[in-house]
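Visitor: Take a look at the following structure, please.
In my numbering, the protein residues as written are 43 to 258.
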């Protein structure tokens, strides 16, 4: 219970700071009436999620954390939220629109790596649990790479003239001043991510069977 409380408190604290920065900053430094929306829709939510990641790492470092079961559950939940928010923003556009959420996914991979390193130093954690976490980290790392260089829809471009994928900050994703030449092919990206997850699940099942067979 204390694990969840610590993570929630850290998430709310960092989220509040990020919200104030994103809400008040544009009021002071920008003439746009829409500036404060940055705090409501971007920095606030990202602050909460990053704060939760910080809370997970802080909690995992405590001796009372034991086998890190609660921390790993929280980590998976935060990663799933980050993934869904990225997909939503990618369906709107690329470039700067998805930048905060790509950075959030990168932060999630880093936090997961720290969690894995902490777990390796804990004798309470079984080898099988560490192996599953390692596989999960490999999956989300590959999925994050595909978020950074997503599959592309090129609008009215002639077949065969557009690339299969592009860096998400490519200027052709920019929708701020004109209709973008590229958009993220969210459907293709979901298919790729699903295939990656299924391959990882198959590898996990095969590893579990081999491990069970070696005990006989």
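Ideal Cβ placement from N, Cα and C applies to all residues, glycine included.
All figures in this text were calculated on a predicted structure; none of them were measured in a lab.
Shortest alpha-carbon distance to residue 78 belongs to which of 68, 133 and 213?
Guide: By one-based count along the chain shown, residue 78 stands at place 36. Checking every option, the nearest Cα to that of residue 78 belongs to 68.
Visitor: Assign residue 191 to one of three DSSP states: helix, strand, or coil.
Guide: If you number the chain shown from 1, residue 191 lands on position 149. Reduced to three states, the DSSP call for residue 191 is coil.
Visitor: Exposed or buried, residue 229, counting other C-beta atoms within 10 Å across all chains shown (16 or more means buried)?
Guide: To locate residue 229, count along the chain shown from 1; it is residue 187. Under this definition residue 229 is an exposed residue.
Visitor: What three-state label does DSSP hand residue 207 in the structure shown?
Guide: Here residue 207 corresponds to residue number 165 of the chain shown, with the count starting at 1. Reduced to three states, the DSSP call for residue 207 is strand.
Visitor: What's the call for residue 163, buried or exposed, on a 16-neighbour Cβ count within 10 Å?
Guide: In the chain shown, the residue the question calls residue 163 occupies position 121. Answer is exposed; the Cβ neighbour count stays below 16.
Visitor: Taking 8 angstroms as the threshold (C-beta atoms), are residue 100 and residue 52 in contact?
Guide: Residue mapping note: residue 52 aligns to position 10 of the chain shown, counting from 1. Residue mapping note: residue 100 aligns to position 58 of the chain shown, counting from 1. Contact flag set, yes.
Visitor: With respect to the alpha helix (DSSP H) encompassing residue 87, which residues constitute its N-terminal and C-terminal limits?
Guide: Residue 87 sits at position 45 when you count from the first residue of the chain shown. Looking at the DSSP string, the run of the alpha helix (DSSP H) that includes residue 87 is 86-102.
Visitor: In the DSSP assignment, what residue or residues form a beta bridge with residue 225?
Guide: For the purposes of this step, residue 225 is taken as residue 183 along the chain shown, with counting starting at 1. Answer by DSSP bridge pairing, in chain order: 195.
Visitor: Can you tell me the Cα-Cα spacing of residue 130 and residue 136, whole angstroms?
Guide: Working through the chain shown from its first residue, we reach residue 130 at position 88. Working through the chain shown from its first residue, we reach residue 136 at position 94. Going from the Cα of residue 130 to the Cα of residue 136 covers about 11 angstroms.
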